[in-house]
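First up is the structure itself, then whatever we jot down about it.
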Amino acid sequence: MPHLVVIPQVFPPEGHTTAIMTLEFCSHMVGKGWDVSVLAGRPHHGGAEQYSDFRYDLLEFEKINGITVYRCWYPLPESGTWSRVLSYLLQVISTSINLIRLKNVNVIITLGPPLLGPVGGWLGSKMKRSRLIHVVYDLYPDIAIDDGLLSNPFL
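Per this note's numbering, residue 160 is the first one in the sequence shown, and the count goes up by one each step.
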């Protein structure tokens, strides 16, 4: 059975549209005969306090619709650009470490963030000798420009 690993930022129980779309896609792939693993962070959109009773253990996993879901640890971003960058960087490190325990990975799909998300997937695809697909929903270069991280004389 082929093994697909999906690395999203969000996954149910969050009600975020990306989380629901990822669940539906993964469920579809399970129905097609794939072994599907998801490496996601702990739920937090809409306020982490609503998930305060969510069990979180580095070596724990859960099954949702036949999908094995591993919750990777990384801090939730505070306000500010550098806090988000640090959180994304730690997400890459955490998911890469968690990828080590997965066997026979054929395909890795990463779903954002646009700049650092593909790095973790690329590292994983090299470790596992698997194919990599990175999905980019949207890019917002104006945010980096407004934060002073990029300058573009044409804008």
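No residue lacks a Cβ here, since even glycine has one placed at the ideal position from N, Cα and C.
>> Ignoring anything shorter than 3 residues, give me the beta strand (DSSP E) runs that lie fully in the segment 246-303, in order along the chain.
In response: The qualifying runs are 266-270 and 290-294.
> Going straight from the alpha carbon of T254 to that of D305, what length do you get?
Replying inline: Indexing the sequence shown from 1 puts residue 254 at position 95. Indexing the sequence shown from 1 puts residue 305 at position 146. Going from the Cα of T254 to the Cα of D305 covers about 29 angstroms.
>> Only counting the same chain, and skipping five residues up and downstream in sequence, which positions put a Cβ closer than 6 angstroms to that of P172?
In response: As a first step, residue 172 is located in the sequence shown; it is residue number 13 there, counting from the start. Within its own chain, the residues whose Cβ lies closer than 6 angstroms to the Cβ of P172, once the five positions on either side in sequence are excluded, are P202, listed in chain order.
> When we look at the beta-carbon of R230 and count the other beta-carbons within 10 Å, is it buried (16 or more) or exposed?
Replying inline: Taking the first residue of the sequence shown as position 1, residue 230 is located at position 71. Classification of R230: buried, given that the 10 Å Cβ count is 16 or more.
>> For D306, list the residues DSSP reports as bridge partners.
In response: Mapped onto the sequence shown, residue 306 falls at position 147. Beta-bridge pairing links D306 to no other residue.
> To the nearest angstrom, how far is it from the Cα of I292 to the Cα of D301?
Replying inline: Taking the sequence shown and counting its residues from 1, one reaches residue 292 at position 133. Taking the sequence shown and counting its residues from 1, one reaches residue 301 at position 142. Each residue's CA atom was taken as its position, placing I292 and D301 some 25 angstroms apart.
> If you drop the 5 nearest sequence neighbours on each side, which residues of the same chain put their C-beta closer than 7 angstroms to that of M188?
Replying inline: For the purposes of this step, residue 188 is taken as residue 29 along the sequence shown, with counting starting at 1. Excluding residues within five positions, the ones whose Cβ falls inside 7 angstroms are L163 and V195.
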